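Numbering (our numbering), first residue to last: 40 to 162. Glycine included, C-beta positions come from ideal geometry on N, C-alpha and C. Just so we're clear, the structure is a prediction, and the values are computed from it rather than from any experiment. Below: one structure, written as structure tokens.
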Amino acid sequence: MKKLKNILRYLMKHKIKAWIVGGYPRDMLLKKNTPDIDIVLQGNARQVSEKISKKFKLTLVVLHEEKRIYRLICDGYHLDFSQIRGKTLLNDLSRRDFTINSMAIEINPLTSKAIATGAKTLI
């Protein structure tokens with residue numbers, strides 16, 4: 040868990056616009072543990088994944104080169120990095136398989152705001 044927190048700090052320190060999206064925010068609301076964390080980046084997902092992989096000595100797995108999805112395994116978590124699909128985060132979220140997965144938590148200590156389009160489905 041410590042390494043995972045350091046990765047999130049790395050993203051903040053380097054001012055990389057990133058959001059935790061999909062099932063992880065949903066499961067947080069439902070108080071469920073999940074090892075899968077999807078992180079959407081505004082920028083080059085491969086480059087960021089490679090830098091994090093080298094810095095924290097993690098194995099990088101290319102899940103889908105065409106869709107630019109890269110996985111790092113850290114502290115038992117699967118961190119899947121991808122670039123925003125579409126022009127904005129909302130465009131990306133609207134492409135999710137289920138409305139309930141259309142949630143995002145911004146990785147930024149100053150704003151820490153959640154975009155919770157899918158939260159309505161839980162209520």
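In this structure, the alpha-carbon of Lys-94 lies about 33 Å from that of Ser-133.
For Asp-114, there is no enclosing beta strand (DSSP E), as DSSP marks it with neither H nor E. Close CB contacts of Asp-77 within its chain, under the 6 Å cut and outside five residues either way in sequence, are with Val-60, Gly-61, Asp-119 (chain order).
Residue pairing by DSSP places Val-101 opposite Tyr-109 in a beta bridge.
In the structure shown, Leu-69 adopts coil according to DSSP, grouped into three states. Bridge partners of Ser-121 according to DSSP: Val-79, Ile-108. A Cβ-Cβ separation of about 17 Å leaves Pro-74 out of contact with Ile-144 under the 8 Å criterion. For Lys-96, the closest alpha carbon among the candidates Met-67, Cys-113, Lys-126 is that of Cys-113.
Here Met-40 is exposed. Its C-beta has fewer than 16 other C-beta atoms within 10 Å. Looking only at Lys-44, Glu-105, Asn-147, the smallest Cα-Cα distance to Asn-83 is reached by Glu-105. Excluding the 5 residues flanking it on each side, Ala-57 has same chain C-beta neighbours closer than 6 Å at Leu-50, Ile-78, Leu-80, Ile-146, in chain order.
Residue environment: Val-101 is assigned as exposed (fewer than 16 neighbouring CB atoms within 10 Å of its CB, all protein chains considered).
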